[in-house]
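Peer 1:
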Amino acid sequence: MARGVRLRARAAVAAAAVALLPLLLLLCAAGVPGARAVATGDFPSAQQTNTLAVLREFQTAMPGLGWTGDDFCGFSGVTCGVASVSVTVPGVGVSGVLPEMPGGVDYAQVLLTSVDASAMGPQLSGSLPASWSSLTRLMSLTLTECSSLRGPLPVEWKALTSLVTLLVSGTGVSGSLPASWSSLTALEMLEGFTSSLSGPLPPEWSSMASLRTLRLDQTKINGTLPAEWGSLRGLQYLWLYETDLSGTLPPEWSSMASLKSLRLEETKINGTLPAEWGSLGEMHDLFMQRTDLSGTLPPEWSSMAEVRRLWLHSIRVDGTLPAEWGSLKLIEEMYLYSTDLSGTLPPEWSSMTSVGKLWLYNTRVNGTLPAEWGSLKRIEDVWLHETDLSGTLPPEWSSMTSVGSIWVDSTRVNGTLPTAWSAMKECWSLRFTNTLVHGPLPVEWGTMASLESLNLDNTSINGPLPAEWGSITTLKHLHLPNTSVSGTLPAEWSSMSRLWSLNVDGCRLSGSLPANWSALPRPVWLTLTNNAFCGCVPASWSAPAGLTVTADESVTGSACMTTNACPTATEESSNPSTTGESSNPSTTGESSNPSTTGESSNPSKTDDSSDNASAASGAGTCAMTGCVSCAAASASVCAACSDAYFLTEDYMCVRYCESGSGTSATATAVSIALVACVLVPALLFA
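For the sequence shown, the residue numbers in mature numbering (1 follows the signal peptide of the UniProt record, and there is no 0) are -37 to -1, 1 to 649.
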């Protein structure tokens, strides 16, 4: 028993050694250290003579090769192997054409198995010689990007029954695909993309049983997709995009059991999506965007268990999103945008645990955002803008730890911005423009360390700008125009070291412009128009150059320091706008007549004027603080008071009262000026 086992083991080892012998010989030929390379003299005389005759034709057709003598294994670009000779034409200093095969040669003895002239590029001209049909051992021909090559695919090449690889992409090869090439049963790869090939796809090619890759994209191929090709069970990559193909998708292609990648985008293919294709269990990539396809998304496609990328955008497909597709656990990219799809977002799609990009924008999808989608841990892009979606932003989506962008702009999404979304540490872009979202900007979002772009244009967002957001040093674009955000510009935002553009046009912001924003990077664009800022654009903002500011004239004009001055602390404390109570009798229901108000504007009854009254010995002229409250020792700033105003010892611009009562300032005076009379000693005006 043991002896029998040993005999069987020895037999297995011997069989393995025999099987590995060709590989060992090839390794020796390839120059493995310690092994002797194959030389010309290693071949039988007949093979040497006939092979040399063919190679001399290459030298004649391409003089730059510089081949001389009989030792062809020593020629530049020639590699000899076991029963094989490969030619790789160098790309420098060589031009010419593909040689015609000579007569009087026994081609059964010609060892040429591979020719690669792709490095010649446009330096290779002429056409594909029909006489190459004699090279019955030829297995590989690479002519990629030889753009000067012209002419048709020779019908005669049907005799190249050993041919495995034919690459003519990027050439000027033209004409139709020879139906007779169906005899090339060893052919595994045929690439003719970006060439001038035209005509229909031959049904006869269904007999190319070894075909694995067929690329005819970006050519003038036309006609329909042959149903007969369903028998190409070994075909893995079929790329026919950007051609003139038309007709429908053959249900028979469901028999292409090995098909991994099918690209038919930007063709005239029409009709519906065959439910039968659900049996394409090896499919990885299915691209059919920008075609004339229509109909619905087949629930049966949920059986495409290996599919990674499904691009069906920009077609006329309609109906709902199949809940069954939730079983596509390996799907990474789902592009269904710019279609007529409708219905709700299936909660079942939360099972697509590998999905990274989900683009459904510009559709009629409606309903709410499924909270269940929060389990999509690998999701990177959720693009749902320009749809009929509504409802609130699910706090549960904070569990999308890999999400980079969420775009729901131009929808009816409403509610507040979830504070929980601060957990989205990889998120770089959020778009809520033209939605119904409202409420404050979450302070917690200041921890979103990857956020680069936030768009909230034309929403009901309100409240202050969070100072905490100054820690978002990655932020580049922050757009809040036509919202109700209020308060001041936070000085802390000067730390936004990558800010590129800030737009707060048409908001309710006020206060002064922070001088320390001069620390913002350059270039940066600030749009601050249609707000209630006071003071001027800080001089520090203009140096160094690169900070571009668009703001109202009130803060950019030459008189901004006088006509748009910010109130002092004293003014702010007595300003009705800061206390919610008005000192204007007309707004409190109290008479403007001093004798009928609780607080008279009569100087004799105001604390502010008591000192001035005593200084003037009770004699003075009633005036109004209608210009600007100046800082100490800054009388020059108040020069704009001109003749109508006077600068007091307290650096207060005052104006004479008319008819003995306080009057409003000129039209250019600040709206927050105090309406109160003070006694100004007459001697000060002398």
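Don't be surprised by glycine CBs; every beta carbon is placed ideally from N, CA and C.
Applying the 10 Å Cβ sphere with the 16-neighbour rule, what's the burial state of R279?
Peer 2: By the 10 Å Cβ count, R279 comes out exposed.
Peer 1: Nearest to residue 707 by CA position, among E215, A528 and T326, is which residue?
Peer 2: Here the chain covers residues -37 to 649 and nothing more, so residue 707 does not appear.
Peer 1: Do G135 and T107 have their beta-carbon atoms positioned less than 7 angstroms apart in this structure?
Peer 2: no
Peer 1: Does the beta-carbon distance from T398 to V376 come in below 7 angstroms?
Peer 2: yes
Peer 1: Just to confirm the assignment, what range does the beta strand (DSSP E) spanning F250 have?
Peer 2: D248 to F250
Peer 1: Measure the Cβ-Cβ separation of I435 and L452 and say whether it is below 7 angstroms.
Peer 2: no
Peer 1: Less than 7 angstroms between C-beta atoms, sequence neighbours within five positions excluded: which residues of the same chain meet that for V500?
Peer 2: L476, V512, A514, V518 and T519
Peer 1: Can you check which of these residues, C470, S449, H442 and L249, is closest to L299 by C-alpha distance?
Peer 2: L249
Peer 1: Do V52 and A80 have their beta-carbon atoms positioned less than 7 angstroms apart in this structure?
Peer 2: yes
Peer 1: Determine the direct distance from the alpha carbon of S224 to that of A(-1), and round the result to whole angstroms.
Peer 2: 40 angstroms
Peer 1: Have a look at F21, T410, A142 and T128 and flag the residue whose alpha-carbon is nearest the alpha-carbon of L153.
Peer 2: T128
Peer 1: So T182 and Q199 are supposed to be a Cβ contact under 8 angstroms. How far apart are they, rounded?
Peer 2: 20 angstroms between Cβ atoms; not a contact.
Peer 1: Thinking S146 and T124 are a contact (beta carbons under 8 angstroms), I'd like their distance in whole angstroms, please.
Peer 2: 7 angstroms
Peer 1: What does DSSP give as the partner residues of F496 in its beta bridges?
Peer 2: G474
Peer 1: Which residues in the same chain have their Cβ closer than 6 angstroms to the Cβ of A238, if we skip the five residues on either side of it in sequence?
Peer 2: P261 and E263
Peer 1: Per DSSP, what are the beta-bridge partners of N377 in this structure?
Peer 2: T355 and L399
Peer 1: Within 10 angstroms of its Cβ, does N575 collect 16 or more other Cβ (buried), or is it exposed?
Peer 2: Reliability of the predicted coordinates at N575 is poor, the pLDDT of 36 falling under 50, and no value is obtained from them.
Peer 1: Evaluate V55 with the Cβ neighbour count: other Cβ atoms within 10 Å of its Cβ, from every protein chain shown; 16 or more gives buried, anything less gives exposed.
Peer 2: exposed
Peer 1: To the nearest angstrom, how far is it from the Cα of Q10 to the Cα of L130?
Peer 2: Spanning the two alpha carbons is a distance of roughly 27 angstroms.
Peer 1: Do you know offhand how far E296's Cα is from L441's?
Peer 2: 28 angstroms
Peer 1: From the DSSP output, in three-state form, read off S447 for me.
Peer 2: Three-state DSSP puts S447 in a strand.
Peer 1: For the region 305 to 333, list the beta strand (DSSP E) runs that are entirely contained and at least 3 residues long, ordered along the chain.
Peer 2: 320 to 322 and 327 to 330
Peer 1: In or out: K439 buried (at least 16 other Cβ within 10 Å) or exposed?
Peer 2: Its Cβ being crowded by 16 or more others within 10 Å, K439 is buried.
Peer 1: Which one or two residues does DSSP pair with C43 in a beta bridge?
Peer 2: Its beta-bridge partners are V48.
Peer 1: Determine, using beta-carbon pairs with one atom in the region 491 to 508 and one in the region 462 to 471, whether at least three such pairs fall under 8 angstroms.
Peer 2: yes
Peer 1: Return the first residue and the last residue of the beta strand (DSSP E) that E415 is part of.
Peer 2: From DSSP, E415 is part of no beta strand (DSSP E); its letter is neither H nor E.
Peer 1: Assign P486 to buried or exposed, taking buried as 16 or more other Cβ atoms, counted over all protein chains shown, within 10 Å of its Cβ.
Peer 2: exposed
Peer 1: Rounded to a whole number of angstroms, what is the C-alpha to C-alpha distance between M387 and T307?
Peer 2: 25 angstroms
Peer 1: Would you check if the distance between the CB atom of S221 and the CB atom of G197 is smaller than 7 angstroms?
Peer 2: yes
Peer 1: Could you tell me which residues DSSP puts in a beta bridge with S161?
Peer 2: K183
Peer 1: If I measure Cβ to Cβ from I369 and keep anything under 6 angstroms in the same chain, skipping five residues before and after, which residues do I get?
Peer 2: Sequence-distant Cβ neighbours of I369 in its own chain, meaning closer than 6 angstroms and more than five residues away, are V345 and L393.
Peer 1: Distance, Cα to Cα, A412 vs S464?
Peer 2: 18 angstroms
Peer 1: How big is the Cα-Cα spacing for T446 and W322?
Peer 2: 27 angstroms
Peer 1: Rounded to the nearest angstrom, what separates Y324 and Y204 at their Cα positions?
Peer 2: 24 angstroms
Peer 1: I think L339 touches M315, with their Cβ atoms under 8 angstroms apart; what is that distance to the nearest whole Å?
Peer 2: 7 angstroms
Peer 1: Excluding five sequence neighbours on each side, which residues of the same chain lie with their C-beta closer than 7 angstroms to the C-beta of S242?
Peer 2: Within the same chain, S242 has close Cβ partners S217 and S266.
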